[in-house]
Amino acid sequence: MNSNEKKNDSNFTYDMQDAYYYDDATGSFKKRTDEKKPNAAGEGQHGSGNGGGAAFLSLLAAIAGVCAAASPLGLLLDICAILLAVYALVRRQHRKTAAAGILISVFSVAASFLLFPPFEGTGFLSGYLSSATDDMATENMAAEETPRAEALADTGSDALSPEELESQETEQRNAAITIREYPLSNNLLLICENENLTDVNLRFQVIYYDTDGQMLSIEERWRSSCPAGGRSAVTIPAPADQDNKPVPYDHYELTMESEEIDPDYDCINYGSSLDIVSNVGVDGNILVSVTNSSERTFSGIELACIYYRDGTPVGMATQYLDGLSDQAAVKFFTPYDYSTDTPESITFDNHEILVLRTDYSME
0 MNSNEKKNDS NFTYDMQDAY YYDDATGSFK KRTDEKKPNA AGEGQHGSGN
50 GGGAAFLSLL AAIAGVCAAA SPLGLLLDIC AILLAVYALV RRQHRKTAAA
100 GILISVFSVA ASFLLFPPFE GTGFLSGYLS SATDDMATEN MAAEETPRAE
150 ALADTGSDAL SPEELESQET EQRNAAITIR EYPLSNNLLL ICENENLTDV
200 NLRFQVIYYD TDGQMLSIEE RWRSSCPAGG RSAVTIPAPA DQDNKPVPYD
250 HYELTMESEE IDPDYDCINY GSSLDIVSNV GVDGNILVSV TNSSERTFSG
300 IELACIYYRD GTPVGMATQY LDGLSDQAAV KFFTPYDYST DTPESITFDN
350 HEILVLRTDY SME
């Protein structure tokens, strides 16, 4: 037997000794259990287990991140899922599962930004971003207010006194009131439109002059509770002598003052809650039916009838209803034209009914 054969026999003997061992309990030889060998990648079973576990944990974290989207926890879970998936891919274990974890995590992050934009205050970073933005805005406002406050302290001209503030409010209120003037034979008809948000009380003064600039008469009239967003009317008597005969005038000056009504002391004009129907009666006068559709009982209602001819007001008459809980009717007698020596009823082709005021108990 040559040396090679001896060497082979020796190796075989060693292999047999490594493969079997003597069991004293049974008195026989038993085969040893095979040790787990490394896989093709050079990793043991322990390494394979770590890579597979990371892939599955990545998938679970990604799914949890989708469920917790639009929150800081969801973002944290997505980041963990991506890191675990990368670890699994490096270990080359369960690549499909790891890739699925990455895709789901990326989708979760993208959906959070698209569906819940952080800059609109609804995303998962909104709390942090809005807090930082608010702090920056507060600092900027403080920086802007400091020189402004110093300027006001130095000059003091930008601050309005109570009198100036009241004057400004009066100008704004008067600017929202439109007065249309219609000189008639024996009076001056004023139709008022109130575009303020509250009812207003109006005071008018008219000074009539002759051709020499001499004052003929001074007349004052009031119109209470001109409705917010509505219309009202008033007539100012023209100059007349001691016998109550009209005196011609050359021109006049009109001034108006206004104030907001005080609901604790002044009645609000509830004319918009009344249903009004009118027509010309057989005798040529205007007949009006008023229905109270509100739950309020009125102690009195003042109405005005504006007469028109060719679209221009030619006269006005008023009537007062004493008490109205449900329904009432009233007649308006046609006004007279006093521009001639023999006054006659005015002619008209249209009319309009206005609610001048509604009275009720303030208790």
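Numbering (numbering that gives the first Met the number 0), first residue to last: 0 to 362.
Glycine residues also receive a C-beta, built at the ideal position from the N, C-alpha and C atoms.
Only a predicted model underlies this, so the values are computations on that prediction, with no experimental measurement involved.
Residue(s) in a DSSP beta bridge with residue i
i	result
D348	Beta-bridge pairing links D348 to no other residue.
D336	E343
I190	R179 and A232
N200	E258
G322	According to DSSP, G322 bridges with nothing at all.
C225	V199
A83	The sequence given here has Leu at residue 83, not Ala. In the DSSP output, where bridge partners are listed per residue, L83 has none listed.
From the options, residue whose alpha carbon lies closest to that of residue i
i	options	result
P245	L253, P236, E252 and L273	P236
I101	V89, L58, C66 and P71	L58
S223	I260, D240 and L187	I260
A98	A109, A53, N193 and L72	A53
N243	A87, L273 and N185	N185
T197	P226, T339 and S298	P226
P342	I62, P334 and D348	P334
Q326	L82, S277 and S288	S288
V105	A328, H93, W221 and I78	I78
Proximity below 8 Å, CB of residue i to CB of residue j
i	j	result
N195	R172	yes
I176	V199	yes
Y269	S292	no
T296	L355	no
L188	T234	yes
V205	Y251	yes
G322	S360	no
V313	Y319	no
For residue i, three-class secondary structure by DSSP
i	result
K95	helix
P245	strand
V171	Reading the sequence as shown, one finds Gln at residue 171 and not Val. The answer is helix: DSSP assigns Q171 an H, G or I state.
S360	coil
S216	strand
L75	helix
A39	Unreliable placement is indicated for A39, whose pLDDT of 40 sits below 50; the coordinate value is still reported in the next sentence. DSSP places A39 in coil when its eight states are reduced to three.
I206	strand
A53	helix
L353	strand
Short CB-CB distance (under 8 Å) between residue i and chain B
i	result
T317	Of the chains in the structure shown, none is chain B; there is only one protein chain.
Beta strand (DSSP E) runs contained entirely in the stretch 265-307, provided each spans 3 or more residues: 273-279 and 285-291
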